[in-house]
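Protein chains in written order, with our numbering: chain H, 95 to 199; chain C, 95 to 199.
Ideal placement from N, C-alpha and C gives every residue a C-beta, glycine not left out.
Please read all numbers here as calculations on a predicted model, not as lab measurements.
Number of protein chains: 2
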Amino acid sequence: MRKEPPVPAPEAVFKALGNPARLTLVRTLQGGEHCVCDLVEAVGLGWSTTSRHLEILREAGVVGSEKRGQQVFYRLTLACVPGFLACLDGAGAVRNFRPTSCGRD
Amino acid sequence: MRKEPPVPAPEAVFKALGNPARLTLVRTLQGGEHCVCDLVEAVGLGWSTTSRHLEILREAGVVGSEKRGQQVFYRLTLACVPGFLACLDGAGAVRNFRPTSCGRD
DNA sequence: TTCATATTTCGCCTTATGACGAAATACTGC
DNA sequence: GCAGTATTTCGTCATAAGGCGAAATATGAA
Chain H
95 MRKEPPVPAP
105 EAVFKALGNP
115 ARLTLVRTLQ
125 GGEHCVCDLV
135 EAVGLGWSTT
145 SRHLEILREA
155 GVVGSEKRGQ
165 QVFYRLTLAC
175 VPGFLACLDG
185 AGAVRNFRPT
195 SCGRD
Chain C
95 MRKEPPVPAP
105 EAVFKALGNP
115 ARLTLVRTLQ
125 GGEHCVCDLV
135 EAVGLGWSTT
145 SRHLEILREA
155 GVVGSEKRGQ
165 QVFYRLTLAC
175 VPGFLACLDG
185 AGAVRNFRPT
195 SCGRD
C-alpha cells in the first residue's frame, strides 16, 4: 500500500522540519528512499518514536511511504526541500560576503 | 542600533517558521520592512508576545532589526525564504499534475 | 496455522512553547 | 529632568511536543 502525502501546508512543513530528529530523517532521505530500519538507525531513537516522526513528516507532505514486503520505505516527496536546505546550509559559509542570499534578492 | 541576525542554523529556521504567528510575520515582512507596531497588528497578538516571536525569528537568522528613532524596524534577511514559501504555497495548486516540484527533481 | 520480523499505535511522563499582563528600558519632545 | 510613546523582559500558567516501553498489526516463511 502506498501512502501519498496530503497537500503540504506551509506551517506544517516548517513545524515538521523544525526538529533535529526529523531534519536528520529528511537529510537521510535526500540520499534516496530508505526503510524504517535504516531511519531508526540514522536518528538513533526508538522505533516507536521514529515512526511517529515519520508520520508527522508524511502528514506534512514532506515524505511519502510505500510498503513492499514486510518493510515500509519512505522517500522525499516535497521537491523544494533539498534546495532550501542547501541554501540554509550554505548561508553560514557565504555570510561574510553579503547577507544570506540564494538565487533571489 | 542595528541587530544583525546570527548565522542561520537550519533547524532553528524551521522551528522559527513553524508557528502561525511567526509565519504571518514573515509573510508580512516579504512586503518590505515594518515597525513592530505594524507587526503587532498583523498577527493580532499582544506586544510582548509579538516581540518574543520577533526575537525568535531574529535569533534564527530569518529577520534583522534596526532601531530608528523610537521605533524598531524589522526586515527579512534570509533570502531563500520567499522562494521556498512560494513553492510551498504553489505545491497545493500543482498537486494534480505531478508530485510537488519546484525547480528541481 | 503458527512463528518471526517490521512497523505502528497507545498510554504515560517530562520538558518546551505560546499566550498574557505587569514592570523595565529606550528615545523624543518639552 | 519629566512625561509619553515604543518596545522588550519577566513571571506565570495552560497546552503541545517528544521520548519510552508495551501492546497491537501486518506480512512472509515454515
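Is residue i buried or exposed, if buried means 16 or more other CB atoms sit within 10 Å of its CB?
i                      : result
residue 181 of chain H : buried
residue 171 of chain H : buried
residue 143 of chain H : exposed
residue 161 of chain C : exposed
residue 114 of chain H : exposed
residue 125 of chain H : exposed
Report the partner residues of residue i according to the DSSP bridge assignment.
i                      : result
residue 129 of chain H : H/167
Got a sec? Which residues, its chain only, sit under 6 Å from residue i by beta carbon, not counting five neighbours each side?
i                      : result
residue 127 of chain H : 167 and 169
residue 132 of chain H : none
Can you list, in chain order, the residues of its chain whose CB lies under 7 Å from that of residue i, leaving out five sequence neighbours each side?
i                      : result
residue 123 of chain H : 157, 168, 169 and 170
residue 108 of chain H : none
residue 139 of chain C : 115
residue 190 of chain H : Residue confidence is low: residue 190 of chain H scores 38 on pLDDT, short of 50, so the model does not pin down where it sits. Its coordinate-derived value is still stated next. Cβ within range, chain order: n/a, list empty.
Compare the C-alpha of residue i against each of the options and name the closest.
i                      : options                       : result
residue 175 of chain H : H/134, H/151, H/131 and H/135 : H/151
residue 163 of chain C : C/112, C/130 and C/140        : C/130
residue 117 of chain H : C/110, C/112 and C/105        : C/105
Just the Cα atoms here: how many angstroms apart are residue i and residue j?
i                      : j                      : result
residue 179 of chain C : residue 135 of chain C : 22 Å
residue 137 of chain H : residue 119 of chain H : 7 Å
residue 183 of chain C : residue 165 of chain C : 32 Å
residue 141 of chain H : residue 159 of chain H : 16 Å
residue 177 of chain H : residue 121 of chain H : 12 Å
residue 147 of chain H : residue 145 of chain C : 30 Å
residue 153 of chain H : residue 110 of chain H : 9 Å
residue 102 of chain H : residue 155 of chain H : 5 Å
residue 112 of chain H : residue 112 of chain C : 7 Å
residue 173 of chain H : residue 149 of chain H : 18 Å
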